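Top to bottom, those sequences are chains A and B.
Just so you know, we're using this note's numbering here: the first sequence kicks off at 8 and counts up by one.
Just so you know, we're using this note's numbering here: the second sequence kicks off at 8 and counts up by one.
C-beta: ideal position from N, C-alpha, C; glycine also.
Please read these numbers as outputs of a predicted model, since none were measured by experiment.
Here is the structure we will look at, set down as structure tokens.
There are 2 protein chains.
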Amino acid sequence: MLKLSKKIEYGIQALQYMANNSGNVISAKEISEQLNIPYDFLSKTLQILNKNGIIVSQQGIKGGYILARDPKSTTVAEIIKALEENAIIVDCLAEDEENCDRINVCTIKNPMNKLQEKINYLLNNTTIAEFSEV
Amino acid sequence: MLKLSKKIEYGIQALQYMANNSGNVISAKEISEQLNIPYDFLSKTLQILNKNGIIVSQQGIKGGYILARDPKSTTVAEIIKALEENAIIVDCLAEDEENCDRINVCTIKNPMNKLQEKINYLLNNTTIAEFSEV
DNA sequence: AAAAATCGGACTATTGTTATCCGAATTAAT
DNA sequence: ATTAATTCGGATAACAATAGTCCGATTTTT
Ligand code: FES
Ligand code: FES
């Protein structure tokens with residue numbers, strides 16, 4: 008398994024939708040209906056993206072969200088991080104490496120790290136803008 | 008999340024161990040003890056790798072496993088497939104694409120596929136041999 | 001015959017993901 | 001002021017996937 012969560016998938020799709028409607032405040036309801044994403048789940052996702060600076064919210068009636076930045080400068084890596092997830096392929100590459108109870112028997116850390124860095128490069132170099140270009 | 012399963016992680020580490028002891032038949036018990044991997048779980052993993060041609064088993068006392076091929080020609084992508092898992096980042100890129108109930112509202116298939124292909128390239132070009140070079 | 005190993009199926013425990021619910025706060029329009 | 005539409009935020013439930021365990025059968029060497 009090497010799958011992105013629905014939170015990330017929906018998040019990216021929602022950001023893509025917002026990028027394609029830039030200038031307008033878009034409500035969670037609109038995105039939910041247009042993209043057939045469960046409303047409550049999407050709301051949570053957008054709230055997290057707002058909290059972490061990827062989008063800006065406007066509360067109250069007529070409220071909704073707008074992209075905080077140029078789609079060209081928002082990377083998939085940043086979105087994943089903003090959604091409070093990560094893209095780490097094996098436990099031992101997590102920040103708190105000392106935490107891994109396999110550290111003493113681990114013989115794959117270095118080679119796995121090479122692979123990880125290449126994946127990071129891809130995620131750091133794919134932006135929301137690329138999702139807008141259909 | 009973009010994590011490899013323990014089955015894959017243990018599998019790769021076990022193959023790496025076998026590559027470093029090539030020529031010898033290695034038992035699941037030995038690998039389990041040396042690498043501190045749960046025996047039953049590892050056994051299952053090795054049996055699947057055997058069934059799908061990555062390693063060759065020898066039954067009975069003095070039995071165990073040997074790599075079926077040159078470590079240089081066994082890729083991570085092949086290992087994942089042999090373990091009957093996959094490395095597909097979003098559902099809609101699975102083989103049975105028609106199966107995805109979001110196909111009609113999906114606006115991310117093409118861009119996600121580009122990312123997927125780049126990841127596939129990495130997995131197809133990383134071999135067990137690279138895990139042996141410490 | 002015994003011992004040490006693979007084989008294979010079933011099962012359980014644990015965790016992680018996905019989805020839902022509900023009440024509170026905010027804001028615009030009436 | 002009131003109402004309506006929205007975001008906010010915490011709790012919880014339903015579901016799925018992962019990880020780990022157990023046990024008996026089979027194979028093969030000694
Ligand atoms: S498995 Fe934790 S250090 Fe590699
Ligand atoms: S989400 Fe299934 S086709 Fe894209």
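The DSSP-derived three-state label of A:I44 is coil. Residues of the stretch 104-135 of chain A with a C-beta atom less than 9 Å from some C-beta of chain B are D108, R109, N111, V112, C113, T114, I115, N117, P118, M119, K121, L122, K125, I126, L129, L130, T133, listed in chain order.
A:L100 and B:A75 have their alpha carbons spaced roughly 29 Å apart. Looking from the CA of B:S12, the closest CA among B:T114, B:I61, B:N93, B:I110 belongs to B:N93. Taking the CA atoms as reference points, B:A35 sits about 11 Å from B:M25.
Boundaries of the beta strand (DSSP E) around A:I73: 71-74. It is roughly 23 Å from the alpha-carbon of B:S29 to the alpha-carbon of B:K88. Here A:T82 is bridged, per DSSP, to A:T134. Taking the Cβ of B:K13 as the reference point, every heavy atom of ligand 1 lies at 7 Å or farther away. A direct Cα-Cα distance of roughly 20 Å separates B:I55 from B:N43. Within the DSSP secondary-structure output, A:Q65 pairs in a beta bridge with A:G71. What A:K58 touches in chain B, judged by beta-carbon distance under 7 Å, is nothing: the nearest beta carbon there is about 19 Å away. Flagged as an interface residue toward chain A: B:I95, by a C-beta distance shorter than 8 Å. Following the DSSP letters along the chain, one finds A:G18 inside the alpha helix (DSSP H) bounded by residues 13-26. For A:E92, the nearest beta carbon of chain B is closer than 8 Å to its own beta carbon.
In this structure, ligand 1 has a non-hydrogen atom nearer than 7 Å to the beta-carbon of A:I110.
By the criterion of a C-beta distance shorter than 6 Å, B:N59 is surrounded in its chain by A89, once the five residues flanking it on both sides are discounted. Relative to ligand 1, the beta carbon of B:I38 is positioned no closer than 7 Å to any heavy atom. Distances between the C-beta of B:K116 and the heavy atoms of ligand 2 include at least one below 7 Å.
The shortest C-alpha to C-alpha distance from A:K79 to any of A:I61, A:Q65, A:G71 is the one to A:I61. Relative to ligand 2, the beta carbon of B:V97 is positioned inside 7 Å of a heavy atom. When beta bridges are read from the DSSP output, B:I33 appears opposite B:Y72.
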